[in-house]
Every structure is written in C-alpha cells, then in structure tokens.
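Undergrad:
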Amino acid sequence: MTIEVFGITGTNGKTTVSYMLKSILEEAGRECGLIGTITHTIGQTKYDALNTTPSREVLDKYFNELEQQNIGTCIMEVSSHGLDQGRIDNVDIHYSGFTNLTQDHLDYHITMENYFNAKTKLFYKTQKGMCINVDDPYGKRLYDKMKEEQAAGGVLARDIKISSFSFKEEDAEYFGKIIKTLYMELYLNLLKLVNHGEKLK
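Residue numbers (my numbering): 318 to 518.
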C-alpha cells in the first residue's frame, strides 16, 4: 500500500497548514494521519508529540499502523532538525509545502544559511509536486533553486491569486471574499497543495 505523504516545512505556520489540509482532505473523503508539533494522530490513536518530526524508528511504527488501518494519506510537519538529522530519509514525500523562514533555531543551525539548506532537503525528496510561498525571501530563493535544478516534483501554481471563493452544500450555498491576513500565504499554499492531490476529486 502506498501512503501519500504531504510534508509541510517552514519556521511558522506548519501546524496551521497541516490541520487545515487534514480537515479539507477528510471532508473530501480521505482519512489522514497527522504527525506534527501538537500531537501525532494515527486513526483514533493520539500519541504525545515529543518532537515535531520523530525518529526513524517512531516513523516506521506510525507508517506500519497507517498501512494496517488502510489509511492512505499522511500529513507531516517536517522540522529543520528532523531534516538535518535524516529522520525522514526512509519516508517517501509526494507533495511538499514551504511557508516561510525567519530567524529561529540558530542555537542549533548557527547560521541562516545552514537553516535554509536544512529546509531544502525536503524539496529534493519531493516526488510529485511542491508549492512554495515566494512572498517570503527564502521561499523565492528556494523556488528559483528548484526551478533551476528541475527538481523531480516540479513547482506548482506559483502565480495563483484568489480574491473570492464559493462552495455548495446540499441545502445552502456560501461565498465570500479573501481578506489579506498574516497567514494568507499559508491558506493559498494549502489550496494549491490540495488542488494537486491526484486522488482528490
């Protein structure tokens, strides 16, 4: 069984994007595992999140449980520590998203360049598609790097602009305007990722 994995990385917003992505995919009928900062959720079981991105051994355990429960999608928050330490080396990443990069974790990485290079490792692993917030300076740099090196996943929907939205339920129709907020780029990234999930109709 192939478990489709969405990897989300960035200094801020990983948890927001991960939970929104999980909610939208489940509304579309796809049961999802979630591995992140707040909790690690596999089916009905919730594990304490000692690390945002756990060890290889713990990840192997989680993916075995996902397979046993026939859960075909997993959303992961992928930390720079996890990337630098090779914790996801055994995980196939199908889609990835980049939110932003700001000064943090420099007690570990020492320099922003080391921090950025750790984050880029996720995108070299991406097999199908990626979306990158190019409003962020490091996101723009990452986008240019992936485009120049023709990373396997390609770069998806760079120039999408959403000014309004609408959706229908059985007895009602909703519409609204998009208002610029601190996390607007996360919502746009989220919509791009979901739109390119090949099983999502």
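Glycine residues also receive a C-beta, built at the ideal position from the N, C-alpha and C atoms. These numbers come from a predicted model, not from an experiment.
Does the Cβ-Cβ distance between Val-395 and Ile-388 come in under 8 Å?
TA: Contact flag unset, no.
Undergrad: Please state the DSSP three-state secondary structure of Glu-394.
TA: Three-state result, Glu-394: strand.
Undergrad: Three or more C-beta pairs closer than 8 Å, one from the stretch 414–422 and one from the stretch 453–468: is that the case here?
TA: Yes, since at least three Cβ pairs between the stretch 414–422 and the stretch 453–468 fall closer than 8 Å, the two stretches touch.
Undergrad: So His-398 packs on Gln-444, CB below 8 Å; how close in whole Å?
TA: Rounded, the Cβ-Cβ distance is 23 Å, inconsistent with contact.
Undergrad: Opposite Tyr-425 in the DSSP bridges: which residues?
TA: According to DSSP, Tyr-425 bridges with nothing at all.
Undergrad: When we look at the beta-carbon of Glu-292 and count the other beta-carbons within 10 Å, is it buried (16 or more) or exposed?
TA: With the chain covering only 318 through 518, there is no way to say anything about residue 292.
Undergrad: Just to confirm, is the Cβ distance from Phe-415 to Thr-326 under 8 Å?
TA: Closer than 8 Å, so yes.
Undergrad: Return the CA-CA distance between Lys-438 and Gly-346, expressed in angstroms with no decimal places.
TA: Using only the alpha carbons, I get a separation of about 31 Å.
Undergrad: Identify which residue in Thr-390, Glu-343 and Gly-403 has its Cα closest to the Cα of Ser-372.
TA: Checking every option, the nearest Cα to that of Ser-372 belongs to Gly-403.
Undergrad: Hey, how far is the Cα of Leu-517 from the Cα of Glu-344?
TA: Only weak support is given to the placement of Leu-517: the predicted model assigns it a pLDDT of 46, under 50, and the question is left unresolved by the model.
Undergrad: For Glu-465, count neighbouring Cβ atoms within 10 angstroms of its own Cβ and tell me buried if that reaches 16, exposed if not.
TA: The residue is exposed, with fewer than 16 neighbouring Cβ atoms inside 10 Å.
Undergrad: Using a Cβ-Cβ cutoff of less than 6 Å, which residues in the same chain neighbour Tyr-364 once the five nearest sequence positions on both sides are dropped?
TA: Closer than 6 Å at Cβ, skipping near neighbours: His-357.
Undergrad: Any Cβ of chain D within less than 8 Å of the Cβ of Tyr-460?
TA: Looking at the structure shown, chain D is missing, and only one protein chain is on hand.
Undergrad: What does DSSP give as the partner residues of Met-447 in its beta bridges?
TA: Paired residue(s): Ser-413.
Undergrad: Can you tell me whether DSSP reads Val-408 as helix, strand or coil?
TA: Reduced to three states, the DSSP call for Val-408 is coil.
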